[in-house]
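Enquirer:
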Amino acid sequence: MTLERRLGTRDAVVIGVGSMVGAGVFSAFAPAAAVAGRGLLIGLAVAAVVAFCNATSSAQLAAAYPTSGGTYAYGRARLSDFWGFVAGWGFVVGKTASCAAMALTFGAYAWPDHARIVAVGAVVALTCVNLVGITRTAFVTRILVAIVLAVLLVAVIVGTTGRPVGVDIGSTGSPVAILQSAGILFFAFAGYARIATLGEEVRDPARTIPRAIVVALACAVVVYTAVALMVLHVLGADGVARSSAPVAAAMSAVGAQWADPVVRVGAAAASLGALLGLIAGVSRTTMAMARERDLPVYLARVDVSRSVPRAAELTLCVVIVALVLTVDLREAIGFSSFGVLVYYAVANVAAFTQSGSDRRYSPVLQIVGLLGCAALVFTLPTTALVTGSCVLTVGAVGRWVTRRGSHH
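When we follow my numbering, the leftmost residue of the sequence shown carries the number 442, and every step to the right adds one.
1. What residue ranges within the segment 690–719 form continuous alpha helix (DSSP H) runs of no fewer than 4 residues, ordered along the chain?
2. Rounded C-beta distance between glycine 680 and alanine 690? I'm assuming under 8 Å.
3. For the alpha helix (DSSP H) holding valine 526, just list the boundary residues, first then last.
4. So, under 8 Å CB-CB, valine 738 and alanine 731 are touching, yes? Tell me the CB distance rounded to an integer number of Å.
5. Please state whether the Cβ-Cβ distance between threonine 726 and phenylalanine 523 is less than 7 Å.
6. Which of the three DSSP states, helix, strand or coil, is assigned to aspartate 744?
7. Does DSSP put threonine 794 in a helix, in a strand, or in coil?
8. Starting from serine 499, trace the alpha helix (DSSP H) in both directions and tell me its first and last residue.
9. Out of Asp769, Asp799, Phe580, which one is the CA nearest neighbour of alanine 549?
10. For methionine 692 and valine 599, which I take to be in contact (beta-carbon distance under 8 Å), what is that distance rounded to the nearest angstrom?
11. Taking C-alpha atoms, which residue in Gly707, Thr756, Ala492 lies nearest to valine 597?
12. Ends of the alpha helix (DSSP H) at glutamate 754?
13. Between the Cα of alanine 657 and the Cα atoms of Ser778, Thr497, Arg845, which residue gives the shortest distance?
14. What is the C-beta distance between threonine 582 and glycine 718, in whole angstroms, given that I count them as a contact (C-beta under 8 Å)?
15. What does the Cβ neighbour count give for serine 499, buried or exposed, with the cut at 16 atoms within 10 Å?
16. Compare the Cα-Cα distances from aspartate 642 to each of Trp841, Asp452, Thr834, Thr843 and report the closest residue.
17. Could you give the residue range of the alpha helix (DSSP H) that holds alanine 514?
18. Use the C-beta contact count for glycine 465: other C-beta atoms within 10 angstroms, 16 or more gives buried, fewer gives exposed.
19. Comparing C-alpha positions only, which one of Val765, Arg801, Thr602, Thr578 sits nearest to serine 724?
20. Apart from the five residues on each side of it in sequence, which residues of its chain come closer than 8 Å, Cβ to Cβ, to leucine 585?
21. Could you tell me the alpha carbon to alpha carbon distance between leucine 812 and alanine 477, rounded to whole angstroms?
22. So if DSSP puts glycine 478 in a beta bridge, which residue, or which two residues, is it bridged to?
23. Tell me the DSSP secondary structure of leucine 590 in three-state form.
24. In chain order, what residues of the same chain have a beta carbon less than 6 Å from the beta carbon of arginine 801, not counting five sequence neighbours either side?
25. Among Ala694, Val827, Ala505, which one has its Cα closest to the Cα of arginine 648?
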């Protein structure tokens, strides 16, 4: 049972923007400034280039293989079943942890004293939205994105027209530090793959998906750049580095205390928008893996009337709620970043093998994208590398054992 094609270009762009302009735009500049100073602007440019190369690979593949699962499906089609599994497993496990982290982030913004309960409520509510149908997902995302962009527009205008007091913009970090900041910022807006994972639900996918991916990424880069310039203008690199919430701190620095609750609402909406896109993307990849028996087959069941992967959605909801109630993953999801880089590395290699009418972009972009992923791996903490490698190994061994057992 395949899903119905209900999304147009605008819906796909909105889901992509909602996935990228998440809570990271309100918080990622602090750790980036802590390592690179004002060099975070260079880091943002590096991150944008790597993201663009990866995005064009995803777009080129999605046009040729407009099905659910994103790089899981592309890896299977262009490389091998194994490499497809590696990409899919890394995405599902890593992004499930990200779902829990984003839910907790929303809880921390919305009601800090009861963050876990609020987070559970958000996961259940957004799962219900997704279960109604992908067009409802797009509609709710549109509302959340509108709130986030309106809040950021107000913040940028207030910040750039305000008068910072004696701010030293700070120094530029070393090349290694800049690469580290690029890694931090790359993971903050690396949500463009969400559009590709929904490939089975997009109308005229060969035209819509490539256009939506590039437009959504361009919008996200413009937003991140505007916010980065504003917080550096108001707070300077040292001030950004010292603040856990640079956008809110910038509002206070220019005397706009009234903007604090506005920024908090924007950050909460951004968390919800990213979480909604994550749940949709992970459930579709889970469904695609279950179809190929790389995950339990029941996860491939589709609600025919609403054209949604109901079994995958409900199972994912239960897992996320369990994680939210038992662990705090906001500081411990480095392996998610590792999985993301492996996912995009597979996408770049898969796109590099395309030729003829399937090739839309220069192979140079895939090479740069692959090298960029490799470079960003070195910005990850050692614990993230070890944990990520273990997660992928456990998945691969588990797949080998179950497949071997099924053949006997």
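Note that CB positions come from ideal geometry on N, CA and C, so glycine has one too.
The model shown is predicted, which means the values in this text are computed figures rather than measured ones.
Expert: So, from the data block:
1. Fully enclosed alpha helix (DSSP H) runs of 4 or longer: not present.
2. Indeed, because the Cβ distance is near 7 Å, the residues count as touching under 8 Å.
3. A small fix is needed here, since residue 526 is phenylalanine in this sequence, not valine. DSSP places phenylalanine 526 inside the alpha helix (DSSP H), whose first and last residues are 522–551.
4. The C-beta distance from valine 738 to alanine 731 rounds to 6 Å, short enough to meet the 8 Å contact threshold.
5. Contact: no.
6. Residue state, collapsed to three classes: strand.
7. Judged by DSSP in its simplified three-state form, threonine 794 adopts coil rather than helix or strand.
8. Start and end: 481–505.
9. Minimum Cα distance to alanine 549 is reached at Asp769.
10. Cβ-Cβ separation between methionine 692 and valine 599: approximately 6 Å, consistent with a contact (criterion under 8 Å).
11. Of the listed residues, the one whose Cα sits closest to valine 597 is Gly707.
12. It spans 751–767 - the alpha helix (DSSP H) in which glutamate 754 sits, taken as one unbroken run.
13. Nearest of Ser778, Thr497, Arg845 to alanine 657, Cα basis: Thr497.
14. Contact flag correct, Cβ pair sits at about 7 Å.
15. Residue burial annotation: serine 499 is buried, with at least 16 other C-beta atoms found within 10 angstroms of its C-beta.
16. The amino acid at residue 642 is misidentified as aspartate; the sequence shows glutamate. Out of Trp841, Asp452, Thr834, Thr843, the CA that lies nearest to the CA of glutamate 642 is found in Asp452.
17. 512–519 is the span of the alpha helix (DSSP H), which, as asked, contains alanine 514.
18. Burial call: buried.
19. The residue with the shortest Cα to Cα distance from serine 724 is Thr578.
20. Taken in chain order, the residues that qualify are Gly459, Ala710, Ala711, Leu713, Gly714, Leu717.
21. Here the alpha carbons of alanine 477 and leucine 812 stand approximately 21 Å from one another.
22. Answer is Thr613, bridged to glycine 478.
23. Under the three-state reduction of DSSP output, leucine 590 falls in the helix class.
24. If you ignore the 5 residues before and after arginine 801, its C-beta comes within less than 6 Å of the C-beta of Gln501, all in its own chain and listed in chain order.
25. When only C-alpha atoms are compared, the closest one is Ala505.
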